[in-house]
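S.K.: Numbering (this note's numbering), first residue to last: 93 to 415.
Using N, Cα and C, we set each Cβ at its ideal position, and we do this for glycine too.
1. If you run the structure through DSSP and keep just helix, strand and coil, what is residue 94?
2. To the nearest whole angstrom, what separates the beta carbons of residue 209 and residue 289, a pair I think is in contact under 8 Å?
3. Do residue 329 and residue 390 come within 7 Å of each other at the CB atom, strictly closer than that value?
4. Whole beta strand (DSSP E) runs in the region 328-359 with 3 or more residues, listed along the chain?
5. Could you check where the alpha helix (DSSP H) with residue 363 kicks off and where it finishes?
6. Is the CB-CB distance between residue 293 and residue 368 below 7 Å?
7. When you compare the CB positions of residue 131 and residue 259, do they come within less than 7 Å of one another, or not?
8. Using a 10 Å radius around the Cβ and a threshold of 16 neighbouring Cβ atoms, would you call residue 206 buried or exposed?
9. Using a 10 Å radius around the Cβ and a threshold of 16 neighbouring Cβ atoms, would you call residue 230 buried or exposed?
10. Name the residue from 165, 178, 239 and 171 whose alpha carbon lies nearest to the alpha carbon of residue 217.
11. Pick out whichever of 167, 193, 108 and 186 has its Cα sitting closest to the Cα of residue 177.
12. Under the DSSP definition of a beta bridge, which residues are partnered with residue 476?
13. Give a yes or no on contact between the region 114-123 and the region 260-278, applying the rule of three or more CB pairs nearer than 8 Å.
14. Among all the DSSP beta bridges, which residues are the ones paired with residue 318?
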């Protein structure tokens with residue numbers, strides 16, 4: 093982990109209601125990092141190693157299936173659920189496709205809930221025993237961790253600790269297991285890399301990554317800094333929706349996954365980001381506390397989370413524009 097850029101924070105400090113100073117220290121350090129670099133690594137997060145390992149086994153088994161078998165789960169709809177094949181997604185404002193394929197697990201439907209009608213149901217690969225159980229449990233665990241991080245974010249913004257609770261309780265959050273195949277000449281477009289430089293769309297992203305090189309974060313000075321994830325920590329970064337909500341007080345930082353040198357180029361790379369979204373009807377408008385004479389409102393026109401997501405999915409090639 094490049095600790096010069098991305099600090100590692102022990103979230104047990106935030107959970108310590110018996111020690112207000114430790115708790116306040118975590119809130120202060122988290123929000124300072126999000127104002128300066130947009131990234132932290134959270135350690136001692138409480139997600140069991142077995143839950144992560146089970147998900148990795150399941151997703152590796154799926155991506156090893158023949159393409160025809162995987163394509164049976166390519167249901168369209170902007171890749172909202174199921175399988176999205178290699179060479180579809182690209183970074184915003186880039187014509188070069190990313191060198192990756194991925195799967196989406198979304199929120200499970202709740203019978204009778206009004207929001208259920210707005211989200212497509214999950215689909216599950218029948219060829220991989222335990223896939224549903226493993227990935228859904230990881231979804232639940234990461235969502236819970238994300239809720240804890242957002243509580244600390246709220247306090248750092250002088251909001252009620254539970255400000256985000258009723259704004260994310262049925263959000264369109266996504267678990268996205270990603271497979272970056274071994275690099276081969278001629279695959280993709282000129283200039284294609286495993287994941288082109290981009291900012292995430294959502295509120296926060298929680299990343300369970302691989303130990304292989306490739307992930308890089310753009311520093312304030314304009315330098316690309318490698319960030320190698322470690323098993324004991326989960327990288328949590330600010331997304332564009334949170335940056336917009338905070339009127340650019342918190343930073344959604346540009347990052348990418350570059351093509352690594354040998355021997356890493358010849359082997360597959362896997363990562364599992366969890367994109368935590370607000371509820372689709374949530375109106376994203378600048379928080380009054382983040383609008384000041386020195387930082388006037390950059391986003392005077394509010395937009396719902398669903399409208400914002402749709403707009404961005406069109407920009408990265410997962411949805412076609414409406415004619």
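M.R.: Reading from the atomic positions:
1. Because the pLDDT at residue 94 is just 44, under 50, the model does not fix this residue reliably, and the value given afterwards should be weighed accordingly. In the structure shown, residue 94 sits in coil (DSSP, three-state: anything other than H, G, I, E or B).
2. In fact, because the Cβ distance is near 36 Å, the residues do not count as touching under 8 Å.
3. no
4. 347-349
5. No alpha helix (DSSP H) holds residue 363; the beta strand (DSSP E) holding it covers 361-368.
6. no
7. no
8. exposed
9. buried
10. 165
11. 193
12. One cannot answer for residue 476 here, as it falls past the ends of the chain, which runs 93 to 415.
13. no
14. 308
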